[in-house]
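Just below is one structure, and these are the notes that go with it.
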Amino acid sequence: MDDCLFCRIVKKEIKSEIVFENDSVLIFKDINPKAPVHLLVIPKRHIADITEIDSLSAAESYEILSSISKTALELGLEKSGFRVVTNTGVGAGQSVAHLHFHILGKRDFAWPPG
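For the sequence shown, the tail end lands on 121 under this note's numbering, and the numbers increase by one without skipping.
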């Protein structure tokens, strides 16, 4: 999708601080972090949000979850805890219409969120 910010990041048209990349997933630092660790995890193939997850292959879906786990472990986030969030729709706070997961860590979080 030509006008999608995250698709442009995948194509390296827009710079980002990449933490992890493979054939189907890209993880990069959020430019407006809400925690000391705030990463965005996106499928390289464009889908708008979690309601379109069936558009991805089982392997692509697995790679998203696996890369979240591996990255959190590599950063030692499991020691103090971390949060993984995806927002769906403007009312939930989704600002880019490309499926993405936030990995947030290195601070305390309240429950319920929001």
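Backbone N, C-alpha and C fix where the C-beta goes; we use that ideal spot for every residue, glycine too.
{"Item": "Where are the beta strand (DSSP E) runs, 3 residues long or more, that stay fully inside the segment 33-82, in chain order?", "Value": "44-50"}
{"Item": "Check whether the Cβ atoms of glutamate 35 and valine 26 lie closer than 8 Å to each other.", "Value": "Checking the sequence shown, residue 35 turns out to be phenylalanine, not glutamate. Result yes, Cβ atoms of phenylalanine 35 and valine 26 sit closer than 8 Å."}
{"Item": "Have a look at leucine 33 and valine 48 and give me their C-alpha separation to the nearest angstrom.", "Value": "6 Å"}
{"Item": "From the DSSP output, in three-state form, read off leucine 111 for me.", "Value": "strand"}
{"Item": "What residue from Pro119, Trp118, Ser74 and Asp56 has the CA that sits closest to valine 103's CA?", "Value": "Asp56"}
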